[in-house]
Each structure stands twice: as structure tokens, then as C-alpha cells.
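Numbering-wise, numbering that gives the first Met the number 0 puts 111 at position 112 of the sequence shown, and it's gapless, one number per residue.
We treat Cβ as the ideally placed atom computed from N, Cα and C, and that holds for glycine.
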Amino acid sequence: MSREIFAKMSGTLDSNRKIRKAGRNGRDVFLWVLRQVALRDSDGSIPTDDVTDFGYVSEQLMCSAAEAEEGFKSAVAAGLLFVTDSVTRIVGWDDDWGRRPMSNAERQARHRAKSRGDSANGVQRAKSVTDPSLLVTEHVTSNVVEESRVEEREGRVTPPLSLVPDSPPEPDRVARLWSEQERLRRSAVASGRPLTLTKDRRKLVLAAIKAGYSDDDLRATLEEYADEARRTGSLEWFNGETNWRPANIARKLGGMSSGAPHRPSTGVY
């Protein structure tokens, strides 16, 4: 089935002074020309030969040929139509009058374009918000990311510990840390599950020494890491040949030496 074609006209057409001047026959001929323009999707004109074929026009309008001819002349005299040898044009035709109802495809394309524009404007408005707490967060991958951003805004983020010491640690503090490590080891051995700290946790303990943690804080840190190792199952069997010794700790942090003999490293730090 072919698509229907519509012609645009004013709802007050019958009251238009030119229409009233042209009379009924002039109005009918004018509306016939208007419909032909819409059907042909032209620029407001049709060939003069078509509109002056009064036999054909009278058949379309269901009137006599004389009435069709009289209507044509009346429409021209009233200023509704302008006639040349080649074309007959609707007077005052422009782009506004030439607009026709959109097809479904055109209507959908216009809706998609409008939706894209509204979406872009919405993002721009969100980025223009001055209060960071009201800003719409885009592409958030997890709640952890959002929570970290909240902490940063509220100043609750603890700066990461550095492994570069400001000054060498005190020998007695290193020895006390080793004592705590030994206590944990012996306790684990007694329970049948000996362990040492993992590589990453040891680095954090070294950083804790550098940061000047108190003895109680160091003890709590070691116990926390040991408990976590038990929970996660990431246990290491204690090896007496590892370099987890006060001298090695001090050497790593600042070149200190406790005088203990160097033992070969197994690569576990």
C-alpha cells in the first residue's frame, strides 16, 4: 500500500478574503492545484497544461468543464494563482507552506536526534555543578571507588607509608620488632601452624618502623597481619635461613648493622 500524501491548509481557509473573492469554483480549482503540488512534492507549481485541461479538471472536481474554466480564471483574478506559459504557481508559496507532515521514518530520526541532544545537554549541566558532592559520577565501577572519593573529599585518607626512611631506626626498636616476630612464630609453632609474614606485609612493617610507630603499635600491626594470614590461608613456613633478622631490617632501612653474621637470602623479604 502506498503512503498517503497530505496537503497543508489553514482551518480558516473559507474565511480568507482571496478565497471568498474567487468564489466556490475558484476555491475548488485552487484546492485542486494545492493537492497536486503535494502529490508531486513540487515547489508550489504545476504545469499550466495540466490545470488548463478543463475536461480533466472537471472530472476530478465533479463539475462541468465550463465551471472548471470559470474557477481557474477566478482563482487567477483573486490572486490565488499566478500563470505563465509553462507553469501555474500558488501565490505566496514558501518553505513554510511547503512543509508536509513527516513520515514515520522522518519522525523517528528527528526524535533520535532530539534525544541525543538532550542527553548531551544533561551531561553538560551535570559537569557544571559547582558543589562536588552534588556532581553526578560517571562510569563508577564499584562502591569502593566511590567510598575512596568520599574519603578524599572529607580529608579522611591516611597517606601511604613510604619505604624511604627519614633517619635510621633505633637499634632497640628493631630488636623489639624481631622479638615480637619471634613470639608470634613460637606461638604458631606451638599451635602446629608455623608462619612468617608475607613479602608485602613485611614491607609495610618496615615502613611502620620508619614512620616511628610505638612498640605497642608495632606489636598490634604484627598480630593483625598474622591473623589476616590465618584467615586467608596465605601462610609461609618459617625458615631460619631467611633474612628476616634485625640486622637485615636495619640494613634495608638505613644501612645499620647489629653485628650479626650475614646469612644467605632465600629471596623472601
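Proximity to Arg277 [Cα-Cα], best of Ile208, Gly211, Leu217 and Gly54: Since the displayed the chain opens at 0 and closes at 268, residue 277 lies outside it and no answer follows.
Every unbroken alpha helix (DSSP H) inside the segment 5-57 [4 residues or more]: Unbroken alpha helix (DSSP H) stretches of 4 residues or longer found wholly inside the segment 5-57: 16-39 and 47-50, given in chain order.
Asp48 classed as buried or exposed, judged by whether at least 16 other C-beta atoms fall within 10 angstroms: As a first step, residue 48 must be located in the sequence shown, where it is residue number 49. Exposed is the label assigned to Asp48, since fewer than 16 other Cβ atoms lie within 10 Å of its Cβ.
Rounded separation between Val82 and Ala74 - CA only: Counted from its first residue, the sequence shown places residue 82 at position 83. Counted from its first residue, the sequence shown places residue 74 at position 75. In this model, Val82 and Ala74 are separated by some 10 Å (Cα to Cα).
Inter-residue spacing [alpha-carbon to alpha-carbon] between Lys72 and Thr51: Translated into positions along the sequence shown, residue 72 becomes position 73. Translated into positions along the sequence shown, residue 51 becomes position 52. Cα-Cα distance, rounded: 10 Å.
Presumed contact (8 Å Cβ cut-off) between Val56 and Trp31, rounded CB distance: Numbered from its first residue, the sequence shown carries residue 56 at position 57. Numbered from its first residue, the sequence shown carries residue 31 at position 32. Between Val56 and Trp31 a beta carbon distance of about 6 Å is seen, short of the 8 Å cut, so the two are scored as contacting.
Euclidean distance between Cα positions of Ser44 and Thr87: Start at 1 with the first residue of the sequence shown, and residue 44 comes out as number 45. Start at 1 with the first residue of the sequence shown, and residue 87 comes out as number 88. Linking Ser44 to Thr87 through their CA atoms gives a straight-line distance of about 5 Å.
Endpoints, the beta strand (DSSP E) within which Val86 is located: In the sequence shown, the residue the question calls residue 86 occupies position 87. Bounds of the beta strand (DSSP E) holding Val86 are Val86 to Ile89.
Simplified DSSP assignment, three categories, for Leu79: Here residue 79 is taken as the residue at index 80 of the sequence shown, counted from 1. Note: Leu79 maps to coil in three-state DSSP.
Whole-angstrom C-beta distance between Gly116 and Ala77, which should lie under 8 Å: Numbered from its first residue, the sequence shown carries residue 77 at position 78. Numbered from its first residue, the sequence shown carries residue 116 at position 117. About 44 Å separates the beta carbons of Ala77 and Gly116, which is beyond the 8 Å limit, so they are not a contact pair.
Three-state class that DSSP yields for Ser63 in the structure shown: Position 64 of the sequence shown holds residue 63. Three-state result, Ser63: coil.
DSSP three-state assignment for Glu181, whether helix, strand or coil: The residue labelled residue 181 in the question sits at position 182 within the sequence shown. The three-state reading of DSSP puts Glu181 in helix, counting H, G and I together.
Integer-rounded CB distance, given that Leu33 should sit under 8 Å from Ile89: The sequence position of residue 89 within the sequence shown is 90, counting from 1. The sequence position of residue 33 within the sequence shown is 34, counting from 1. Between Ile89 and Leu33 a beta carbon distance of about 7 Å is seen, short of the 8 Å cut, so the two are scored as contacting.
Sequence-distant residues of its chain with Cβ nearer than 7 Å to Glu68 (five each side left out): Here residue 68 corresponds to residue number 69 of the sequence shown, with the count starting at 1. For Glu68, where only same-chain residues beyond five positions count, the Cβ hits under 7 Å are Phe53.
Nearest-angstrom Cα separation, counted from Asp84 out to Glu66: In the sequence shown, the residue the question calls residue 66 occupies position 67. In the sequence shown, the residue the question calls residue 84 occupies position 85. The alpha-carbon atoms of Glu66 and Asp84 are separated by roughly 22 Å.
Same chain only: Cβ atoms within 7 Å of Asn103, ignoring 5 sequence neighbours per side: Numbered from 1 along the sequence shown, position 104 holds the residue referred to as residue 103. For Asn103, there are no CB contacts under 7 Å within the same chain when 5 residues up- and downstream are skipped.
Beta-carbon contacts of His261 that lie in its chain and below 7 Å, excluding the five residues immediately before and after: Walking along the sequence shown from the start, residue 261 turns up at place 262. Bear in mind that the predicted position of His261 carries a pLDDT of just 35, short of 50, making it too unreliable to give a figure here.
Outcome for Asp13 when other beta-carbon atoms lying within 10 angstroms are tallied against a minimum of 16: Here the question's residue 13 lines up with position 14 in the sequence shown. Exposed: under 16 other Cβ atoms inside 10 Å.
Closer than 7 Å: Gln107 CB and nearest the ligand MN heavy atom: Absence of the ligand MN is noted for the structure shown, with no ligands found whatsoever.
Nearest candidate by alpha-carbon position, reference Glu58, set Asp27, Leu80 and Phe5: Locating residue 58 in the sequence shown gives position 59, where the first residue counts as 1. Glu58 has its Cα closest to that of Asp27, out of Asp27, Leu80 and Phe5.
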